[in-house]
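Okay, structure first, notes after.
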Amino acid sequence: MPASEAQKQASKKWNQEKVDSLHLRLRKGMREVIQRHAEKRNESVNVFVTRAIQETMERDERRQEQQETD
Numbered sequence: 478m479p480a481s482e483a484q485k486q487a488s489k490k491w492n493q494e495k496v497d498s499l500h501l502r503l504r505k506g507m508r509e510v511i512q513r514h515a516e517k518r519n520e521s522v523n524v525f526v527t528r529a530i531q532e533t534m535e536r537d538e539r540r541q542e543q544q545e546t547d
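What follows is the structure in structure tokens.
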């Protein structure tokens with residue numbers, strides 16, 4: 478069943494309040510590579526990219542902390 482107008486409005490409002498958007502530019506073909514990778518892990522592209530960014534930032538922070546203690 479298609480979403481009602483009220484459901485669409487509620488979803489739009491929620492997204493405006495809770496979600497940021499980021500536009501990425503990728504090399505030709507990279508989008509498909511990312512999609513296949515995410516599908517293999519039963520993730521959406523959004524979940525995969527968000528996780529990849531978060532894990533990279535955490536790793537970078539650990540490295541920075543390690544360098545500061547050396």
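Count along the sequence shown from 1, then add 477; that gives the number in my numbering.
Note that beta-carbon positions come from the ideal geometry of N, C-alpha and C, so glycine has one too.
Fair warning: this is a prediction, and the values are worked out from it, not measured in the lab.
What does the alpha-carbon distance come out to for the pair Val-496 and Gln-531?
Val-496 and Gln-531: Cα-Cα distance of roughly 16 angstroms.
Below-8 angstroms beta-carbon distance, His-514 vs any chain B residue:
Looking at the structure shown, chain B is missing, and only one protein chain is on hand.
Arg-528 - containing alpha helix (DSSP H), residue span:
522-546
Could you please give the first and the last residue of the uninterrupted alpha helix (DSSP H) stretch that includes Met-507?
Here the alpha helix (DSSP H) through Met-507 covers 507-517.
When the Cα atoms are used, what is the spatial distance from Ala-610 to Glu-509?
Not covered by the structure: residue 610. The range shown for the chain is 478 to 547.
Let me know the secondary structure DSSP gives Ser-498 once reduced to three states.
coil
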